[in-house]
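Asker: Would you mind keeping the following structure in view while I ask a few things?
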Amino acid sequence: MGSTEGVNVNASRIFGAVALFSLLAASPAFAANECPGSNDMAWRDYRGGSLTAPTPEERGDVIDLLSQYAWTMDNRDFNGLAALFVDNGHYYHCDPGNPNATLGISAASLAKQFQTMFANLAATNSSATRQLGSILIGKTTDGNFEVALSAQVSIQTIGVSAVQLDYTAKLYATITQDGELLKFIVLKVAPYQSGIQASAR
């Protein structure tokens, strides 16, 4: 699925703004309140491991959710972002330089927290866009989906031609069916560099 899914995502121009930290969702190898280690290889479960392949329809539904996440972030629609999570869902940001520096935000607090975190970005007439790729999707025995993907985040100020690479990250998500819609239970972002803080955006 990896590179093929990434091509599909890029072809569809799945971009989303995130000038803050990255998202990282609980994969089978770590719990909801933990961040993956730098040498973690949980992605191996997506091929011949504990996860099974989703149907093409399920795969498409998961990618649609990821696309909605990207677009709501890109347009700073934080109320819309919160609606992509189950009521007791959580967003986590990990710092590779400090395993204990995990920032967790509940779904109920997302809109308010992100509005504050993106204030500097809005004040400078700038936007952050993310490009998603290398998407792996696996189905668990309880019917949920585990997703691992990569993200490249760039920042651009309107009127300035140069786009600046902000950071790259690994994202992990646990997704479930909530009524007729798929929603995030947990979304975790693990940047490759330390010190990524939303308040700095």
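-17 is the number that my numbering gives to position 1 of the sequence shown; each next residue is one higher, with no gaps.
All C-beta atoms in this analysis are idealised placements derived from N, C-alpha and C, irrespective of residue type, glycine included.
Closer than 6 Å by C-beta to proline 36: which residues in its own chain qualify, once you throw out the five before and the five after it? Chain order, please.
Answerer: The residue given as residue 36 occupies position 54 in the sequence shown. Counting only Cβ-Cβ distances below 6 Å, and skipping sequence neighbours, we find Ile119, Lys121.
Asker: Under a three-way DSSP split, which group does glutamate 39 fall into?
Answerer: In the sequence shown, the residue the question calls residue 39 occupies position 57. Note: glutamate 39 maps to helix in three-state DSSP.
Asker: Under the three-state reduction of DSSP, which class applies to aspartate 124: helix, strand or coil?
Answerer: In the sequence shown, the residue the question calls residue 124 occupies position 142. If DSSP states are grouped into helix, strand and coil, aspartate 124 belongs with coil.
Asker: Measuring CA to CA, which of Tyr51, Leu33, Met23 is closest to leucine 164?
Answerer: For the purposes of this step, residue 164 is taken as residue 182 along the sequence shown, with counting starting at 1. Nearest of Tyr51, Leu33, Met23 to leucine 164, Cα basis: Tyr51.
Asker: Going by beta carbon distance, what residues of the same chain come within less than 6 Å of glycine 71, once the five residues before and after it are set aside?
Answerer: In the sequence shown, counting from the first residue as 1, residue 71 sits at position 89. Result list for glycine 71: Ala89, Phe166, Ile167, in chain order.
Asker: What three-state label does DSSP hand leucine 163 in the structure shown?
Answerer: Taking the first residue of the sequence shown as position 1, residue 163 is located at position 181. Reduced to three states, the DSSP call for leucine 163 is strand.
Asker: Could you check if serine 9 is buried or exposed, using at least 16 other CB atoms within 10 Å of its CB as the buried criterion?
Answerer: Numbered from 1 along the sequence shown, position 27 holds the residue referred to as residue 9. Residue confidence is low: serine 9 scores 34 on pLDDT, short of 50, so the model does not pin down where it sits. No coordinate-derived value is stated.
Asker: Is it true that the CB of aspartate 148 sits closer than 8 Å to the CB of valine 129?
Answerer: As a working mapping, residue 129 is identified with position 147 in the sequence shown. As a working mapping, residue 148 is identified with position 166 in the sequence shown. Not closer than 8 Å, so no.
Asker: Using a 10 Å radius around the Cβ and a threshold of 16 neighbouring Cβ atoms, would you call arginine 112 buried or exposed?
Answerer: The residue labelled residue 112 in the question sits at position 130 within the sequence shown. Looking at its Cβ environment, which holds 16 or more other Cβ atoms inside 10 Å, arginine 112 is buried.
Asker: Where serine 176 and aspartate 77 are concerned, what is the direct C-alpha to C-alpha distance, given to the nearest angstrom?
Answerer: Residue numbering aside, residue 176 sits at position 194 when the sequence shown is read from its first letter. Residue numbering aside, residue 77 sits at position 95 when the sequence shown is read from its first letter. Rounded to whole angstroms, serine 176 to aspartate 77 spans 5 Å at the Cα level.
Asker: Between which two residues does the beta strand (DSSP E) containing tyrosine 67 stretch?
Answerer: As a first step, residue 67 must be located in the sequence shown, where it is residue number 85. It should be pointed out that residue 67 corresponds to phenylalanine in this sequence rather than to tyrosine. Unbroken beta strand (DSSP E) run through phenylalanine 67: 67 to 75.
Asker: Would you identify the three-state DSSP class for valine 44, choosing helix, strand or coil?
Answerer: As a first step, residue 44 must be located in the sequence shown, where it is residue number 62. Helix at valine 44.
Asker: How should alanine 110 be labelled, buried or exposed, when 16 other C-beta atoms within 10 angstroms of its C-beta is the threshold for buried?
Answerer: Your numbering for residue 110 matches position 128 in the sequence shown. The residue is buried, with at least 16 neighbouring Cβ atoms inside 10 Å.
Asker: Under 8 Å Cβ to Cβ from alanine 206, same chain only, skipping five residues before and after it: list those, please.
Answerer: It is not possible to answer for residue 206, since the shown part of the chain is limited to -17 through 183.
Asker: For the alpha helix (DSSP H) containing leucine 63, name the first residue and the last one.
Answerer: Indexing the sequence shown from 1 puts residue 63 at position 81. 60 to 64 is the span of the alpha helix (DSSP H), which, as asked, contains leucine 63.
Asker: Just the C-alpha distance for isoleucine 117 and tyrosine 28, rounded to the nearest angstrom, thanks.
Answerer: To locate residue 117, count along the sequence shown from 1; it is residue 135. To locate residue 28, count along the sequence shown from 1; it is residue 46. For isoleucine 117 and tyrosine 28, the distance between alpha carbons rounds to 10 Å.
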